[in-house]
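Asks: So that we are looking at the same thing, I have put the structure below in structure tokens.
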Amino acid sequence: MSNMLEAKGINFAYPSVNVLSDVDISVQAHESHVVIGPNGAGKTTLFKVLSGEMFPQSGKVWYNGEDVTGLDAWERVQRGIGRTFQVARLFAEQSVLNNVVLALECRERIKGTSHGAWWRLHSSRELVDEAMSRLAQYGLAVRSEDEAANLSHGDKKRLELLMTLALNPKLIMLDEPTAGMAPDDRRSVVEMINRLREDEGLTLLLTEHDMEVVFGLATRLTVMNQGQVVASGDPETVRRDPMVHEIYFGKGGSHA
Amino acid sequence: MDNNTTSFGFKATPLIALALCFAAFATVPFWAEKGLVFLAGILMLQIVFALSFNLIFGLTGLVSFGQAAFFAAGAYASAWLSSYAPDLPFVLTLAFGGLVGALLSVLIGMVALHRASGIYFAILTLALGQLIYTLIGKSTALGREDGLIGITRPNLNFGLFEIDLSRGDDYYYLIFVASAGMIVSLWWVWHGTLGRTLSAIRQEPERIRFLGVNVRRYREYAFVISGTVTALAGALLAPWSQIITPMIAHWSYSALPILFCLLGGSTRFWGPAVGAIVFAGLEHSTRNMFGMAELIVGGALLFVVLAMPGGILGTIALLRQKILSPAEGRPSDE
Amino acid sequence: MLADFLLIAMNGLVWAMAIFLVASGLTLVFGILHILNFSHGGFVMIGAYLAYSIMNLGSGAVGIVAFLGLALACAVTVGAMGFVIDRVVFKRLKDVDDSYSLIATYAILLLSEGAVKTIWGPNFLSVYPPKGLGGAVFLGDFIMPAYALFVIGAGIAVFLVLDFWLQRTASGKIMKSVALDPWMASLLGININLIFTVAVVAGFALAGLAGGVLAPNQSLSPMMGGTYIIQAFGVIIVGGIGNVRGAFLAAILLGLIDAFGTVYVPSLPGVFFFVAVAVIILFRPQGLLSGVR
Numbered sequence: 009m010s011n012m013l014e015a016k017g018i019n020f021a022y023p024s025v026n027v028l029s030d031v032d033i034s035v036q037a038h039e040s041h042v043v044i045g046p047n048g049a050g051k052t053t054l055f056k057v058l059s060g061e062m063f064p065q066s067g068k069v070w071y072n073g074e075d076v077t078g079l080d081a082w083e084r085v086q087r088g089i090g091r092t093f094q095v096a097r098l099f100a101e102q103s104v105l106n107n108v109v110l111a112l113e114c115r116e117r118i119k120g121t122s123h124g125a126w127w128r129l130h131s132s133r134e135l136v137d138e139a140m141s142r143l144a145q146y147g148l149a150v151r152s153e154d155e156a157a158n159l160s161h162g163d164k165k166r167l168e169l170l171m172t173l174a175l176n177p178k179l180i181m182l183d184e185p186t187a188g189m190a191p192d193d194r195r196s197v198v199e200m201i202n203r204l205r206e207d208e209g210l211t212l213l214l215t216e217h218d219m220e221v222v223f224g225l226a227t228r229l230t231v232m233n234q235g236q237v238v239a240s241g242d243p244e245t246v247r248r249d250p251m252v253h254e255i256y257f258g259k260g261g262s263h264a
Numbered sequence: 013m014d015n016n017t018t019s020f021g022f023k024a025t026p027l028i029a030l031a032l033c034f035a036a037f038a039t040v041p042f043w044a045e046k047g048l049v050f051l052a053g054i055l056m057l058q059i060v061f062a063l064s065f066n067l068i069f070g071l072t073g074l075v076s077f078g079q080a081a082f083f084a085a086g087a088y089a090s091a092w093l094s095s096y097a098p099d100l101p102f103v104l105t106l107a108f109g110g111l112v113g114a115l116l117s118v119l120i121g122m123v124a125l126h127r128a129s130g131i132y133f134a135i136l137t138l139a140l141g142q143l144i145y146t147l148i149g150k151s152t153a154l155g156r157e158d159g160l161i162g163i164t165r166p167n168l169n170f171g172l173f174e175i176d177l178s179r180g181d182d183y184y185y186l187i188f189v190a191s192a193g194m195i196v197s198l199w200w201v202w203h204g205t206l207g208r209t210l211s212a213i214r215q216e217p218e219r220i221r222f223l224g225v226n227v228r229r230y231r232e233y234a235f236v237i238s239g240t241v242t243a244l245a246g247a248l249l250a251p252w253s254q255i256i257t258p259m260i261a262h263w264s265y266s267a268l269p270i271l272f273c274l275l276g277g278s279t280r281f282w283g284p285a286v287g288a289i290v291f292a293g294l295e296h297s298t299r300n301m302f303g304m305a306e307l308i309v310g311g312a313l314l315f316v317v318l319a320m321p322g323g324i325l326g327t328i329a330l331l332r333q334k335i336l337s338p339a340e341g342r343p344s345d346e
Numbered sequence: 002m003l004a005d006f007l008l009i010a011m012n013g014l015v016w017a018m019a020i021f022l023v024a025s026g027l028t029l030v031f032g033i034l035h036i037l038n039f040s041h042g043g044f045v046m047i048g049a050y051l052a053y054s055i056m057n058l059g060s061g062a063v064g065i066v067a068f069l070g071l072a073l074a075c076a077v078t079v080g081a082m083g084f085v086i087d088r089v090v091f092k093r094l095k096d097v098d099d100s101y102s103l104i105a106t107y108a109i110l111l112l113s114e115g116a117v118k119t120i121w122g123p124n125f126l127s128v129y130p131p132k133g134l135g136g137a138v139f140l141g142d143f144i145m146p147a148y149a150l151f152v153i154g155a156g157i158a159v160f161l162v163l164d165f166w167l168q169r170t171a172s173g174k175i176m177k178s179v180a181l182d183p184w185m186a187s188l189l190g191i192n193i194n195l196i197f198t199v200a201v202v203a204g205f206a207l208a209g210l211a212g213g214v215l216a217p218n219q220s221l222s223p224m225m226g227g228t229y230i231i232q233a234f235g236v237i238i239v240g241g242i243g244n245v246r247g248a249f250l251a252a253i254l255l256g257l258i259d260a261f262g263t264v265y266v267p268s269l270p271g272v273f274f275f276v277a278v279a280v281i282i283l284f285r286p287q288g289l290l291s292g293v294r
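Now the structure itself:
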């Protein structure tokens, strides 16, 4: 297996605090790589650096062998990296359907087809149909005319994932996909994510707090603490690592 | 179904209002005195000014305090060219005004949108606009502080026939047709794919960035389209008022479209037009009272920002919603 | 040659301190409340017109002490206006986007211009410098109007007092902590609403003080507020919005750039200021200094 996304020697500091020091991480194709660690360990900052939302003070990021360190988020997205946020970011004033259509139009614009051309007054029929069928796939078709702002928390996250997938990414980064969800909802999200990997061949990079979710979908685990990577490997090995035990599992105890 | 028939009257109202406005502007020279015809011409150009400004303000979500720079650039560039080369076809003079406005908006957009957003963008556009104002006021070719006077209304030469726009109300109708054309273009941009993307940028810039959109580039598109149309409106103004002074580049003139947009409702396409018309009425009725204009404009603006965030159209829509679905707000019977 | 150079620099400094007097209250209010108060210039103008009216109650020009007292009276009066505006307007702008507060305060600027026009009329008015500052002072080879030196002194004094207050006193430190994290400050038992009110009143009082001190600096007209606020905006954005020290540095920097620019390219007065603002912000969008200082 080859490294799809790789980062070496990442340092990131705000004016007074060091958030990431010398972080290395690699994501291989078709794996489901989960980054865990206590609050403030630097997981979200690492996500921001890997997705191009922010730029590190030093270190490099490669995607499929290409140096993407200096590329902005939108350029990395055009190369096939998708990303969702801890709190779903949607076009709140638009209908659910229009949210998806907008995402599809962005995809068409990247491809350069006339479906996304700026002079179009109405969205193309084909894109609307595709959006509807994608919504149906995720059980959101009934809400298609509702304003996105009125969706439930779980549905908002689902819609955001759907919009990210609309661009047909190769790698998606999910920041706490089950945060704030009820246990039933969590299980369905885990199933959905596993399907994405197994059936559609997607590569996943996630952060997650809930240990049931983590061990339900991780094929590789990286543990962070205070801005550093403490351990990385297959979930079982990492779970038995005594140091990890101490700094992470040792605290809650119940899942260890 | 029942609901549809009752709401039909409401749905048709905006169209009727639009048609009435159109008819009113089309017939002004037939029923109004000269002074009012002149004001109506200015008002149409101010409507275009405000609608084009709202592309960056209400749609894209950027507060620019320097829009007057583009209006003045268009007016001065075309007026200067028409006096420098009087034999040039009028269409070229107009286009020159638009071109200068476009170039200027590319330049200012590049500086102001470079990492700056929110309040920094507002002040930076303000400072750059004032720079243009100062430059115009100091430039001899543009008449320094006195401005350009005696700008002539042109002939339109179509080869087979000629329209002398200096006669009668012909130039009024040129403004009318040109404004209508620009408004249709702006309407298209606002409602089309581009407009939806710009609106998405205002609502959630991070999401649209992670859909592979270069947000800064799109903000620049909006800025340049807006600046160009504003400049064209300015270019049309010069031969109409026949005198232009640096005041049309001053920052207080940049504040006008902001006022129109907020007064009428900046999230709706027609909001700024409503704002401009209402404001023109207010201004006309207080024109003889010194100091009153500022008090009324300031008071109205403050009231709208604090108490009527949707502007006139937003408030009407809210009232309409209350009439149509009085159950709103109570627990619904799902 | 050197004398010319120094004279130009001194002129730049006079401008710089005049604008700093205006900008200090503006940047303070933004630092604490995140409201960029467009109407600040309008209240500097009101302060200046008040000074004019108070002086004309008596015989015109007054002594230095009386002049300072008069400027303080302007500060108190305008500070009181600030209290009212805080209650009526600013309290409602808490949850509004920065840019919208800018528009709301622009409306107040219009109101203040309308009020000045209605009360004092459209004509240019002039205020005499205080007795004893009407003449000129010989400094080695060159001559400065005594009043210009007074403006420089006033600017430096206001800066030192503000800086001492924010850096060294307990109330100043509380102020800064509210600016950094109002939520945290309220958890620590600080009455943040009171702090906000204090900041607004202090900001407006500074505007009134600036108006009083600067009344003889130029003729008074209803356009004065707008002119001052634009320059003050330039100064605080270059200094880093909310940062008093930054505003002080930026005022000096921009004052010198504009003074020298105008001397060497006399056909374009006032242009260098805007060019400098644009260039500096292009390379340092956050301004020279950031954070509340």
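Chains as they are written, first to last, in my numbering: chain A, 9 to 264; chain B, 13 to 346; chain C, 2 to 294. Where a beta carbon is used, it is the ideal one built from N, C-alpha and C, also for glycine. The structure presented is a predicted model; accordingly, all values stated were derived computationally and were not measured.
#1: What does DSSP give as the partner residue(s) for Glu-14 of chain A in the beta ladder?
#2: Alpha carbon to alpha carbon, how far is Leu-22 of chain C from Leu-215 of chain C?
#3: Per DSSP, what are the beta-bridge partners of Ser-103 of chain A in this structure?
#4: Short check: CB of Val-245 of chain C to CB of Leu-29 of chain C, under 8 Å?
#5: In whole angstroms, give me the CA-to-CA distance for Asp-345 of chain B and Leu-148 of chain A.
#6: What first and last residue would you give for the alpha helix (DSSP H) that runs through Pro-217 of chain B?
#7: Consult DSSP for Asn-57 of chain C and reduce its assignment to one of helix, strand or coil.
#8: Is the beta carbon of Gly-226 of chain C less than 8 Å from the beta carbon of Gly-83 of chain C?
#9: In whole angstroms, give me the CA-to-CA distance for Leu-189 of chain C and Tyr-265 of chain B.
#10: Buried or exposed for Ala-89 of chain B, please, with buried defined as at least 16 other CB atoms from any protein chain shown within 10 angstroms of its CB.
#11: Could you please tell me which residues of the segment 60 to 90 of chain B, in chain order, have their CB closer than 7 Å to any CB of chain A?
#12: Could you check what DSSP says for Thr-209 of chain B in three-state terms: helix, strand or coil?
#13: Which residues of chain B have a Cβ atom closer than 7 Å to the Cβ of Ile-281 of chain C, listed in chain order?
#14: Can you give the beta carbon distance from Gly-288 of chain C to Gly-256 of chain C, rounded, assuming they're within the 8 Å contact cut?
#15: Which runs of the alpha helix (DSSP H) spanning at least 4 residues fall entirely within the segment 204 to 270 of chain C, listed in chain order?
#16: Mapping the DSSP letters down to three states, classify Ala-4 of chain A as helix, strand or coil.
#17: Can you say whether Asp-176 of chain B is buried or exposed, counting buried as having 16 or more other CB atoms within 10 angstroms of its CB?
#18: Please list the residues of the segment 121 to 135 of chain A that have a C-beta atom closer than 7 Å to any C-beta atom in chain B, keeping them in chain order.
#19: Under 8 Å between beta-carbons, which chain B residues line up against Ala-49 of chain C? List them in chain order, please.
#20: Locate the beta strand (DSSP E) running through Ile-308 of chain B, then write down its first and last residues.
#21: What residue range does the beta strand (DSSP E) around Gly-90 of chain A cover?
#22: Taking the C-alpha atoms as reference points, what is the distance between Gly-341 of chain B and Arg-332 of chain B?
#23: As an exercise, report each continuous beta strand (DSSP E) stretch of at least 3 residues that is fully enclosed by the segment 104 to 174 of chain A, in chain order.
#24: Could you tell me which chain C residues have their CB closer than 9 Å to the CB of His-126 of chain B, listed as they occur along the chain?
#25: So, does the CB of Ala-24 of chain C fall closer than 8 Å to a CB anywhere in chain B?
#26: My parser needs the alpha helix (DSSP H) runs of 4 or more residues fully inside the segment 76 to 136 of chain C; what are they?
#27: By Cβ distance below 7 Å, which residues in the same chain neighbour Leu-313 of chain B in space, the five residues on each side in sequence not counted?
#28: Below 9 Å on C-beta distance, what does Val-272 of chain C contact in chain B?
#29: Would you decide whether Phe-6 of chain C is buried or exposed? Buried here means 16 or more other CB atoms lie within 10 Å of its CB.
#30: Compute the distance between the beta-carbons of Leu-207 of chain C and Ser-25 of chain C, then report whether it is under 8 Å.
#31: How would you list, in chain order, the residues of chain B whose beta-carbon sits under 8 Å from the beta-carbon of Asp-91 of chain A?
#32: What residue from A:Asp-32, A:Ala-156, A:Leu-105 has the CA that sits closest to Leu-143 of chain A's CA?
#33: Just by C-beta distance, which residues in the segment 108 to 141 of chain B are closer than 7 Å to chain C?
#34: Compute every distance between the C-beta of Pro-26 of chain B and the non-hydrogen atoms of the ligand FAD, then say whether any falls below 7 Å.
#35: Give the residues of chain B in contact with Pro-267 of chain C, contact being defined as C-beta atoms less than 8 Å apart.
#36: So what does Phe-160 of chain C bridge to, in DSSP terms?
Replies: Straight from the coordinates:
#1: A:Ser-34, A:Trp-70
#2: 9 Å
#3: A:Glu-155
#4: yes
#5: Residue placement at Asp-345 of chain B is poorly supported in this model, since its pLDDT is 40, which falls under 50; the coordinates still yield a value, given next. One C-alpha to the other measures close to 22 Å.
#6: 217 to 221
#7: helix
#8: no
#9: 46 Å
#10: buried
#11: none
#12: helix
#13: Per Cβ cutoff of 7 Å: no residues; Ile-281 of chain C is ~10 Å from chain B at best.
#14: Actually they are not in contact, since the Cβ atoms of Gly-288 of chain C and Gly-256 of chain C sit about 16 Å apart, beyond 8 Å.
#15: 225 to 240, 245 to 265
#16: Because chain A is modelled from 9 through 264, residue 4 of chain A falls outside the range shown and cannot be assessed.
#17: exposed
#18: Gly-124, Ala-125, Trp-126, Trp-127, Arg-128, Leu-129
#19: The contacting residues do not exist; Ala-49 of chain C stays about 17 Å from chain B at best.
#20: It is not in any beta strand (DSSP E) - Ile-308 of chain B instead sits in the alpha helix (DSSP H) that spans 304 to 319.
#21: 89 to 92
#22: Because Gly-341 of chain B sits at a pLDDT of 45, beneath the cut-off of 50, its placement in the model cannot be relied upon, and the following sentence gives the value as read from the coordinates. Going from the Cα of Gly-341 of chain B to the Cα of Arg-332 of chain B covers about 14 Å.
#23: none
#24: Ile-282, Leu-283, Pro-286
#25: no
#26: 99 to 121
#27: Leu-271, Leu-274
#28: Leu-143, Thr-146, Leu-147, Lys-150
#29: exposed
#30: yes
#31: Sequence check: residue 91 of chain A is Arg here, not Asp. The answer, in chain order, is Phe-222.
#32: A:Leu-105
#33: Val-123, His-126, Arg-127, Ala-128, Gly-130, Ile-131, Tyr-132, Ala-134, Ile-135, Leu-136, Leu-138, Ala-139, Leu-140
#34: This structure simply doesn't include the ligand FAD, nor any ligand for that matter.
#35: The contacting residues do not exist; Pro-267 of chain C stays about 10 Å from chain B at best.
#36: Per DSSP, none; premise fails for Phe-160 of chain C.
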